[in-house]
Structures are given as C-alpha cells and as structure tokens.
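S.K.: Residue numbers (our numbering), protein chains in the order written: chain A, 26 to 140; chain B, 5 to 112. Think of the CB as a built atom: it goes at the ideal place given N, C-alpha and C, for glycine as much as any other residue. On a predicted model such as this, the values are computed, not experimentally measured, just so you know. Quick one: structure below, then a few questions.
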Amino acid sequence: GAVVSQHPSWVICKSGTSVKIECRSLDFQATTMFWYRQFPKQSLMLMATSNEGSKATYEQGVEKDKFLINHASLTLSTLTVTSAHPEDSSFYICSAHATAPDEQFFGPGTRLTVL
Amino acid sequence: DAKTTQPTSMDCAEGRAANLPCNHSTISGNEYVYWYRQIHSQGPQYIIHGLKNNETNEMASLIITEDRKSSTLILPHATLRDTAVYYCIAGRDDKIIFGKGTRLHILP
Numbered sequence: 026g027a028v029v030s031q032h033p034s035w036v037i038c039k040s041g042t043s044v045k046i047e048c049r050s051l052d053f054q055a056t057t058m059f060w061y062r063q064f065p066k067q068s069l070m071l072m073a074t075s076n077e078g079s080k081a082t083y084e085q086g087v088e089k090d091k092f093l094i095n096h097a098s099l100t101l102s103t104l105t106v107t108s109a110h111p112e113d114s115s116f117y118i119c120s121a122h123a124t125a126p127d128e129q130f131f132g133p134g135t136r137l138t139v140l
Numbered sequence: 005d006a007k008t009t010q011p012t013s014m015d016c017a018e019g020r021a022a023n024l025p026c027n028h029s030t031i032s033g034n035e036y037v038y039w040y041r042q043i044h045s046q047g048p049q050y051i052i053h054g055l056k057n058n059e060t061n062e063m064a065s066l067i068i069t070e071d072r073k074s075s076t077l078i079l080p081h082a083t084l085r086d087t088a089v090y091y092c093i094a095g096r097d098d099k100i101i102f103g104k105g106t107r108l109h110i111l112p
C-alpha cells in the first residue's frame, strides 16, 4: 500500500517556540492532505484539510493563525504550531488522499510535548 | 459524515473470531462504511471498506445489513496483535471523521 511519512516522529520544545511537522506521501501524489490531533485516550479530531496550492480549510474551533498549514507540493504538507503552549501537547497525525487507489493513507504520527 | 455508534470495548479470546458491530442508521446512499484500527501510539491503519455488498480481504470481512443501517467487522482468527481501537466510519474518503471507536482486547 501507499506510504505516508511524518517528520519528526516526536519533538519536545519550550513554551513559546514554534514547531514544524512535515507530512510526505512517499510513492504517490496527494492533492489533498488532512491533519488530525489526538489527546490521550481520545479519538482523532480533524483539524484541517489541506489542498495543494491553496489555503487550508480549518474545522470549527481550530485557530488558523496558530496552526499554519502549507501544502506546497503534491507530496508535502507541513503543519506549524506557532507559539506552542503545554496545552498544545498532543499526537498529530496526517493523512493523504490518493486517487489510485481512491483511499486515504495515514502517517505514523508526531508526538509533540511542550514544556 | 453519518454518525456511528460502537461499543466502547470488547474482549475476544485469542484464536476466536472477533465480531465488532457498528450502527450507522443515518448513512446516506453515497456514503461508504470504512473500518480503521489504531494500535497504541501509531497512526490509523486501514482495514476494509464497503458500500452495500459484503467485502473480504486478507485482514477481515465486512458484513453490511441490507438496509445499510449497521455493519459488522469480522476478524476471523484474532491474535494478540489485533489488540487495538477499531473505528467504524460512515462517509466519503475525501474526509474521514473518526468517532470514539471500540477498544478490542484479545485475551490469551
């Protein structure tokens, strides 16, 4: 099956700093990528939909100025958590939509810890 | 996406078939039923999906009722590695919305 990678797999940062997470589709092109957040013992929550070459669409309650999404190419989307605070500590997961096969493939996730 | 309802948790003995139910009574005609699972601290793994016919692959079988209001995921011979949270989703794959899922414990 198609592979989606995320980098880094885990990151620890100080409060107030910004962190960038990369999501790559390794063997297919993805016009649409998605970003999810998951707190401990909870389900995945969709944060935003990222379309190549256009602005991301954010779900209700997700601050677009805090979670900057860039989808500059058909194989790369980035999520930048700006001015991170401890409450932003979470597991961030991306997925990429392939057209052949017509499926969504998920990355392994990035665990962010803000001190 | 249509709302889905799943049991919070289930137990299954190793080697037996695990049958995970899901209700999706508000599913619309063009929405599929998807099943994913998530093993602790990993990204979700696709299992199977279907529209109205039953489906089988190397991982599992999906049984969808004729009225499409519910479905059952069957893992034919559960192993300890199948311990995970299983998510049933009714929707289109252009936007996957996760519910709370079923935590499946495989007992040795």
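Using a beta-carbon distance below 7 Å, is Lys104(B) in contact with chain A?
M.R.: So yes, Lys104(B) belongs to the interface.
S.K.: Ordered along the chain, which non-local residues of its own chain (more than five positions away) have a Cβ less than 6 Å from that of Ser75(A)?
M.R.: Counting only Cβ-Cβ distances below 6 Å, and skipping sequence neighbours, we find Met58, Ala81, Ile94, His96, Ser102.
S.K.: Looking at the structure shown, is Pro25(B) part of a helix, part of a strand, or coil, going by DSSP?
M.R.: Strand.
S.K.: Tell whether a beta-carbon distance below 7 Å holds between Ile43(B) and Ala94(B).
M.R.: Not a contact, by the Cβ cut-off of 7 Å.
S.K.: Does any CB atom of chain B fall closer than 7 Å to the CB of Gln85(A)?
M.R.: False, the Cβ-Cβ gap to chain B never drops below 7 Å.
S.K.: By DSSP, does Asp90(A) sit in helix, in strand, or in coil?
M.R.: Coil at Asp90(A), not helix or strand.
S.K.: Looking at the secondary structure, which residues open and close the beta strand (DSSP E) in which Lys45(A) lies?
M.R.: Element bounds for Lys45(A): 44–50.
S.K.: For a contact meaning CB atoms closer than 7 Å, what does Ile118(A) contact in chain B?
M.R.: Ordered by position in chain B, the residues that pass the 7 Å Cβ test against Ile118(A) are Gly47.
S.K.: Here's the rule: buried if 16 or more other CB atoms are within 10 angstroms of the residue's CB, otherwise exposed. What is Gly78(A)?
M.R.: Exposed: under 16 other Cβ atoms inside 10 Å.
S.K.: Report the option in Ser114(A), His122(A), Phe53(A), Val44(A) whose CA atom is closest to the CA atom of Val139(A).
M.R.: The residue with the shortest Cα to Cα distance from Val139(A) is Ser114(A).
S.K.: Give the DSSP bridge partners of His122(A), in chain order.
M.R.: Bridge partners of His122(A): Thr57(A), Gln129(A).
S.K.: Tell me, please, which residues DSSP counts as bridged to Asp15(B).
M.R.: His109(B).
S.K.: Once DSSP output is grouped into helix, strand and coil, what is the label at Arg41(B)?
M.R.: DSSP places Arg41(B) in strand when its eight states are reduced to three.
S.K.: Quick check on the DSSP output: the beta strand (DSSP E) that includes Leu66(B) runs from which residue to which?
M.R.: Note, Leu66(B): beta strand (DSSP E), 65–68.
S.K.: Please name the residue or residues paired with Val139(A) in a DSSP beta bridge.
M.R.: The partner list for Val139(A) (beta bridge, DSSP) reads Cys38(A).
S.K.: Looking only at its chain, what residues have a beta carbon closer than 7 Å to the beta carbon of Arg72(B), apart from the 5 residues adjacent to it on each side?
M.R.: These residues qualify, in order along the chain: Ile31, Lys56.
S.K.: Within the continuous beta strand (DSSP E) that includes Asn76(A), where are the two ends?
M.R.: It spans 70–76 - the beta strand (DSSP E) in which Asn76(A) sits, taken as one unbroken run.
S.K.: Quick one: measure Cβ to Cβ for Val44(A) and Val106(A), integer angstroms, because I've assumed they're closer than 8 Å.
M.R.: Contact holds; Cβ gap of about 5 Å.
S.K.: Looking at chain A, is there any beta carbon in it that lies within less than 7 Å of the beta carbon of Asp97(B)?
M.R.: For Asp97(B), the answer is yes, since a Cβ of chain A falls inside 7 Å of its Cβ.
S.K.: Mark Arg20(B) as exposed unless 16 or more other C-beta atoms lie within 10 angstroms of its C-beta, in which case mark it buried.
M.R.: When all chains shown are included, Arg20(B) counts as exposed.
S.K.: Can you grab the Cα-Cα spacing for the pair Pro111(A) / Asp15(B), in whole Å?
M.R.: The straight-line gap from Cα to Cα measures roughly 35 Å.
S.K.: Relative to chain B, which residues along the region 118–135 of chain A have a C-beta separation below 9 Å, given in chain order?
M.R.: Answer set for the region 118–135 of chain A: Ile118, Cys119, Ser120, His122, Asp127, Glu128, Gln129, Phe130, Phe131, Gly132, Pro133, Gly134.
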